[in-house]
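Asker: Chains as they are written, first to last, in my numbering: chain A, 1481 to 1582; chain B, 1481 to 1582.
2 protein chains.
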Amino acid sequence: MENALFDALAEPNRRRLMALLLKGERPAGDLVWALRLSQPAVSKHLKVLREAGLVEARVDGQRRMYRLRPEPLAELERWLDPYRRFWGGKLDALEHHLDKGS
Amino acid sequence: MENALFDALAEPNRRRLMALLLKGERPAGDLVWALRLSQPAVSKHLKVLREAGLVEARVDGQRRMYRLRPEPLAELERWLDPYRRFWGGKLDALEHHLDKGS
DNA sequence: GAGAAACATTCGATATGAGATATATAACCT
DNA sequence: AGGTTATATATCTCATATCGAATGTTTCTC
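Here is the structure:
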């Protein structure tokens, strides 16, 4: 369901997990250490991300190697499409305007 | 804050409101009727969307005309950007699994 | 100014979510 | 088999979100 996608992304720590996985596949333990949350908390977040299809886990010995999956974000792109058209496809140009100097 | 954006979009009824506003400016009353929720419930959802910058209201007599605002969705595009790059900018083409080896 | 219409805000109730602690499962090792 | 490591699940608590009903505010009309 599309709702699972938005729900999964609504949580900041889950977006942190997504960002960490941008650097490549990682075992769950590394993610626990990086987030500085309890191991069960991170495990639960990973479960939500898995059920939304945003990540998948590969078994490697006693570890679970996590990596990103593109499909749900492609769905997010499609969700965004009508809004892009609404503003004449100028969403990207606007984005640069928002990015003021540091 | 970026969090307000994802939080606002996480709620299905708020996404319904966004979709309705794709057809153009509308008074709050129309949105109440369309959602078939109580008037206060819709008003509260509209407040969340306003505070996230996703919509804005124009006073028209005793009505409030609501319309979409592009900036937060442009921010969403920017958030999506690293993931697009992660998959070689091919998020829209949905057919491939991902493999390692860039 | 009185009353009505259109929205917003407050309030009380329930539901859902995130967190930690404790416990369970599974794979590895000797 | 027993012990250790890595991760998942179960249980509980606390906070926040959502909803409807009631109430407040603003603006229109008469």
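Even glycine gets a Cβ: it sits at the ideal position worked out from N, Cα and C. All values reported here derive from a predicted model rather than from experimental measurement.
Does the beta-carbon distance from A:Ala1554 to A:Met1545 come in below 8 angstroms?
Answerer: Your numbering for residue 1554 of chain A matches position 74 in the first sequence. Your numbering for residue 1545 of chain A matches position 65 in the first sequence. No, the Cβ-Cβ distance between A:Ala1554 and A:Met1545 is not below 8 angstroms.
Asker: In whole angstroms, give me the CA-to-CA distance for A:Arg1496 and A:Leu1515.
Answerer: On the first sequence, position 16 is the one that residue 1496 of chain A refers to. On the first sequence, position 35 is the one that residue 1515 of chain A refers to. C-alpha separation (whole angstroms): 8 angstroms.
Asker: Can you find at least 3 beta carbon pairs, one from the region 1508 to 1525 of chain A and one from the region 1521 to 1530 of chain B, that sit closer than 8 angstroms?
Answerer: Cβ pair count under 8 angstroms is below three, so no.
Asker: Answer yes or no: do A:Leu1502 and B:Phe1566 have a C-beta to C-beta separation smaller than 8 angstroms?
Answerer: Here residue 1502 of chain A refers to the residue found at position 22 when the first sequence is read from its first residue. Here residue 1566 of chain B refers to the residue found at position 86 when the second sequence is read from its first residue. It is a contact, given that the beta carbons lie within the stated cut-off.
Asker: When you compare the CB of A:Pro1520 with every CB in chain B, is at least one pair closer than 8 angstroms?
Answerer: As a first step, residue 1520 of chain A must be located in the first sequence, where it is residue number 40. Not one chain B Cβ lies under 8 angstroms of A:Pro1520.
Asker: What are the partner residues of A:Glu1536, as DSSP defines its beta bridges?
Answerer: The residue given as residue 1536 of chain A occupies position 56 in the first sequence. A:Arg1547.
Asker: So what's A:Arg1516 in DSSP terms, helix, strand or just coil?
Answerer: As a first step, residue 1516 of chain A must be located in the first sequence, where it is residue number 36. Residue state, collapsed to three classes: coil.
Asker: Identify the contact partners of A:Tyr1546 in chain B, using a Cβ-Cβ distance below 7 angstroms as the criterion.
Answerer: Within the first sequence, numbered from 1, the residue matching residue 1546 of chain A stands at position 66. Within 7 angstroms Cβ-Cβ: nothing; A:Tyr1546 doesn't reach chain B, min ~13 angstroms.
Asker: Mind listing the chain A neighbours of B:Leu1489? Cutoff is C-beta to C-beta under 7 angstroms, in chain order.
Answerer: On the second sequence, position 9 is the one that residue 1489 of chain B refers to. What B:Leu1489 touches in chain A: Phe1486.
Asker: Using 8 angstroms as the limit for Cβ to Cβ distance, is B:Ala1554 near chain A?
Answerer: In the second sequence, the residue the question calls residue 1554 of chain B occupies position 74. Judged by the 8 angstroms Cβ criterion, B:Ala1554 is in contact with chain A.
Asker: When the cut-off is 8 angstroms and only beta carbons count, does B:Asn1493 lie next to chain A?
Answerer: Your numbering for residue 1493 of chain B matches position 13 in the second sequence. Not closer than 8 angstroms to any Cβ of chain A, the Cβ of B:Asn1493 fails to qualify, so no.
Asker: Looking at B:Leu1534: is its Cβ nearer than 8 angstroms to the Cβ of B:Arg1549?
Answerer: The residue labelled residue 1534 of chain B in the question sits at position 54 within the second sequence. The residue labelled residue 1549 of chain B in the question sits at position 69 within the second sequence. The answer is yes: Cβ separation under 8 angstroms.
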